[in-house]
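Heads up: the protein sequence lines correspond to chains A and B, in order.
Once you know that position 143 of the first sequence is 143 in full-length UniProt numbering, the rest is easy, because the numbers rise by one and skip nothing.
Once you know that position 68 of the second sequence is 68 in full-length UniProt numbering, the rest is easy, because the numbers rise by one and skip nothing.
Ideal Cβ positions, reconstructed from N, Cα and C, are used throughout, including at glycine.
For clarity, every value in this text was computed on a predicted model and none was experimentally measured.
One structure below.
Number of protein chains: 2
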Amino acid sequence: MMDLDHTDIEILRLLQTNAELTNKEISYKLHKSVATIHERIRRLKEQGYIRRVVAILDRKKVDKSLIAFSHVLLKDHSANTLSSFEKEVVKFPEVMECFQMTGTFDFILRIATTDMDAYHIFYRKLATLPNITTVQSFFVLSETKSDTAYPI
Amino acid sequence: MMDLDHTDIEILRLLQTNAELTNKEISYKLHKSVATIHERIRRLKEQGYIRRVVAILDRKKVDKSLIAFSHVLLKDHSANTLSSFEKEVVKFPEVMECFQMTGTFDFILRIATTDMDAYHIFYRKLATLPNITTVQSFFVLSETKSDTAYPI
DNA sequence: TGGAAAAACCGTAAAAATTCCGGTTTTTTG
DNA sequence: CAAAAAACCGGAATTTTTACGGTTTTTCCA
């Protein structure tokens with residue numbers, strides 16, 4: 001599950017924070033040839049260590065100023081209730097992430113909307129899904145840290 | 001704040017889900033020349049719509065099987081207490097995200113660790129920061145949806 | 001322990017993508 | 001409606017990626 005050597009780890013560290021680095025730039029930093037770096041990255045993708053490469057946008061610039069975390073509690077935890085909730089919730093474009101959780105509620109959703117009016121519209125749609133007991137909403141005041149890189 | 005035309009929006013949509021598309025591939029999809037796409041992307045970066053391009057790793061493959069959301073409540077909300085907490089919490093490599101929140105607690109942290117032992121070690125370090133009242137931990141059982149793309 | 005097999009590495013050349021440039025068409029604006 | 005600005009384009013120059021053949025290093029087991 002982790003047969004990566006030092007060079008692999010360093011490549012992943014670099015690409016996690018900046019995937020626009022060229023193979024040449026990486027080869028300088030890691031004291032390897034361009035061909036070696038290229039082959040390493042090819043394998044890291046093929047083996048699934050790198051799932052995808054994406055552009056991260058400025059959420060305020062694209063008019064998603066309101067981020068909410070919504071805690072959802074379901075009526076019961078039968079396989080049917082769980083999977084039908086999951087099936088429906090992923091359809092909402094506002095839902096960027098959805099995690100099933102341990103603890104006093106069942107799911108955490110990360111919601112991105114333009115403003116509170118848009119969140120309200122979403123909330124009404126969400127809260128009327130079958131088998132939902134409660135939805136608690138918490139809103140982001142400010143981002144202290146916002147990273148997609150895993151600490152490796 | 002959003003003087004983007006249809007072509008800009010489509011470029012951002014595409015790059016949010018796959019930043020490895022070549023300018024040529026994008027130019028096919030959007031019926032524009034390679035030069036035009038190139039100039040558009042250059043401007044989207046320069047103007048800050050695209051903050052960065054990153055590789056997204058498979059967290060289990062890089063041995064971060066345990067993801068937690070930790071809710072932190074502070075003793076008070078003086079500028080000093082808030083900013084010194086923020087200053088310290090961002091130093092933890094396990095903390096991928098930190099948001100100041102509205103509601104019944106002050107911060108949400110997203111924590112990535114190898115296992116519960118590693119989380120426990122982190123938890124003890126976190127809980128001993130000054131001015132913390134409570135830390136509540138919730139753990140991810142499964143990922144239903146996991147997206148970095150904003151709905152635009 | 002020695003030697004074969006496998007893996008990692010490298011330089012170079014070919015292919016492809018990015019970047020730059022000059023000029024044309026379309027849109028905006030006073 | 002004419003001038004200015006913006007968007008667009010093809011093609012050339014530059015850079016990067018990708019493929020290839022061969023060398024060095026590491027692994028492993030007889």
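For F139(A), report the span of its beta strand (DSSP E) as first-last. 132-146
Are the C-beta of V135(A) and some C-beta of chain B separated by less than 9 Å? no
Residues that R71(B) bridges to, as DSSP identifies them: First, the residue type needs correcting, since residue 71(B) is His and not Arg in the sequence shown. Bridge partners of H71(B): I108(B), Q136(B).
Do you know how far the Cα of I132(A) is from the Cα of T134(B)? 28 Å
Under 8 Å by beta carbon: chain A residues contacting K24(B): Under the 8 Å cutoff, chain A gives no residues; its nearest Cβ is about 17 Å from K24(B).
Determine the burial state of residue 202(A): buried for a count of at least 16 other Cβ atoms within 10 Å of its Cβ, exposed for fewer. Lying outside 1 to 152, the shown extent of chain A, residue 202(A) is not represented and no answer is given.
Would you call the CB atoms of Q16(B) and I152(B) closer than 9 Å? Yes, the Cβ-Cβ distance between Q16(B) and I152(B) is below 9 Å.
Could you give the distance in angstroms between the alpha-carbon of A149(B) and the alpha-carbon of Y49(B)? 13 Å
T102(A) in three-state terms, based on DSSP: T102(A): coil per DSSP, three-state reduction.
Return the chain-ordered list of same chain residues with a C-beta closer than 6 Å to the C-beta of residue 154(B), the five sequence neighbours on each side being excluded. In this structure chain B extends from 1 to 152, so residue 154(B) is not present and cannot be described.
Burial state of H120(A) (16 or more Cβ within 10 Å): Under this definition H120(A) is an exposed residue.
Using a Cβ cut-off of 8 Å, which residues of the region 13-40 of chain B contact any Cβ in chain A, in chain order? L15, Q16, T17, N18, A19, E20
Taking the beta carbon of S78(B) as the centre, do at least 16 other beta carbons fall within 10 Å, making it buried, or is it exposed? exposed
Quick one: any contact between the region 12-26 of chain A and the region 55-71 of chain B, if contact means 3 or more CB pairs under 8 Å? yes
Give me whichever residues DSSP pairs with A55(A) in a beta bridge. V53(B)
From what residue to what residue does the alpha helix (DSSP H) around K24(B) run? 23-30
How should E94(A) be labelled, buried or exposed, when 16 other C-beta atoms within 10 angstroms of its C-beta is the threshold for buried? By the neighbour-count rule (16 or more Cβ atoms within 10 Å), E94(A) is buried.
Give the secondary structure of V34(B) by DSSP, where H, G and I count as helix, E and B as strand, and everything else as coil. Correct three-state label for V34(B): helix.
For the putative contact between A112(A) and I67(A), defined by C-beta atoms under 8 Å, what is the C-beta separation to the nearest angstrom? 6 Å
Could you pull out every residue in the same chain whose Cβ sits closer than 8 Å to the Cβ of H38(B), ignoring the five residues on either side in sequence? N23.
Contact list for the region 48-81 of chain A against chain B, Cβ threshold 8 Å: G48, Y49, I50, R51, R52, V53, V54, A55, I56, L57, D58, R59, K60, K61, V62, D63, K64, I67, F69
So, with DSSP's three-state summary, where would you put L4(B)? coil
Decide if A35(B) is buried, meaning its Cβ has at least 16 other Cβ atoms within 10 Å, or exposed. exposed
From the DSSP output, read off the bridge partner residues of L66(B). T113(B)
C-alpha distance - I41(B) paired with S33(B), whole-angstrom precision: 13 Å
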